[in-house]
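According to our numbering, numbering within the sequence shown proceeds without interruption in unit steps and concludes at 287. Notes to accompany the following structure.
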Amino acid sequence: MISGMTKIYGIIGDPVAYSLSPLMHNTAFNYMGLNCLYIPFKVKSTELRAAIEGIRALNIYGFNVTMPHKQTIIPLLDHLNPEAKRIGAVNTVVNDKGILTGYNTDAAGFIKALRENGIEPRGKKIIVFGAGGVAMAICFALAEIDCVISIVNRTIDRAWRLANLVSTVSSQTVNSFSMISENINMILDGADILVNATSIGMGKTIGKSIVKADLLNSSMVVFDTIYHPIETQLLKDAKKSGATVIGGVDMLIWQGVIAFKKWTGVDAPVEIMTNKLTQVIRNNED
Ligand code: NAP
């Protein structure tokens, strides 16, 4: 029941219509019996400053940030936690009596998703496909724990730029490659973990994969950040090869769980959130 005591949370982005965060957080609030509500706010880039002032004025307790505001919001915040500062992108903001602090829970969510599946990434050889926003958060998180990272991207300049940025915080060399098959064969040799942080496998590319099935094997961990569909072609191929597979729902859930704790101070009901999200995505797939 909404009352005068209800605490409001939300997500700002453009678009936000298909975001699963309202479902995930409202499910958790309901289950925990918290008098809180999570609302999607479509905010155009030209309205970002006004939206942030509005958030302060309306005392919205916390919010997520999605495309295209993850970087442009930074100068509008009062504080940045060190991880968000290193990555240069914010996906979660806590409003403490008008003081806004930005965090990046995508990075921690990715690492948590690996560890919760029994995989310790520290020091491992990791191949990241993609050089966009998600790849950036993932690469910074991996660099922190001394991983040997290779970034593979369609646009080589973007891979090169990301590798240079990540090198500044890494104890290891960070390599960059363009997405051509000779490179992929060579790079995958001896890789411990392969991460898809491109959009290949969703939308118009459903059924497609970033690598040929015969390049996957049972000693690899294959992590696809895509959560819709739940099981991408890459994950289907990886499963057949005997590899350990982890899907994007896990990362989505864990970044949300970490944000939930920052906002409310309590542990989120991970299983309830996962079941709800999985059920809704599966229904949409049918
Ligand atoms: P982004 O910044 O737009 O980056 C997209 C990446 O995909 C770029 O590296 C791009 O390569 C590559 N790409 C797109 N189409 C391609 C194609 N046809 N062939 C080869 N490469 C292609 O997007 P993002 O925000 O990083 O999102 C990337 C993925 O993360 C999406 O699949 C999304 O579903 C997933 N995601 C997961 C979560 C989660 O919590 N699980 C959250 C957000 C996003 P170029 O640089 O060459 O264009």
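Glycine included, every Cβ here is placed at the ideal spot set by N, Cα and C.
Query, Result
"Residue 103: CB within 7 Å of a non-hydrogen atom of the ligand NAP", "no"
"Start and end residues, beta strand (DSSP E) containing residue 169", "Residue 169 -> no beta strand (DSSP E), and no H or E assigned at all."
"The ligand NAP heavy atom lying under 7 Å from the CB of residue 253", "yes"
"Rounded separation between residue 221 and residue 212 - CA only", "13 Å"
"Identified DSSP bridge partners for residue 64", "11, 94"
"Inter-residue Cα distance where the pair is residue 90 and residue 17", "18 Å"
"Residue 322 CB to nearest heavy atom of the ligand NAP below 7 Å", "Residue 322 cannot be examined here, being either before or after the span of the chain that is shown, 2 to 287."
"Nearest-angstrom Cβ-Cβ length linking residue 107 and residue 123, presumed shorter than 8 Å", "Contact flag wrong, Cβ pair sits at about 19 Å."
"Straight-line Cα distance separating residue 74 from residue 210", "33 Å"
"Local conformation of residue 210 per DSSP, three classes", "coil"
"Sequence-distant residues of the same chain with beta carbon closer than 6 Å to residue 101, five excluded per side", "78, 79, 94"
"Reference residue 203, options 42, 228, 167, closest by Cα", "228"
"Assigned secondary structure, residue 45 (DSSP; H/G/I helix, E/B strand, else coil)", "coil"
"Buried versus exposed, by CB contacts within 10 Å (16 or more), residue 166", "buried"
"Bridge-paired residues (DSSP) for residue 104", "93"
"Any C-beta of chain B under 8 Å from that of residue 26", "No chain B is present in this structure, which holds just one protein chain."
"Bounding residues of the beta strand (DSSP E) (the contiguous stretch that carries residue 195)", "194 to 197"
"Closer than 7 Å: residue 33 CB and nearest the ligand NAP heavy atom", "no"
"Option nearest residue 72 by Cα separation, candidates 13, 176, 281", "13"
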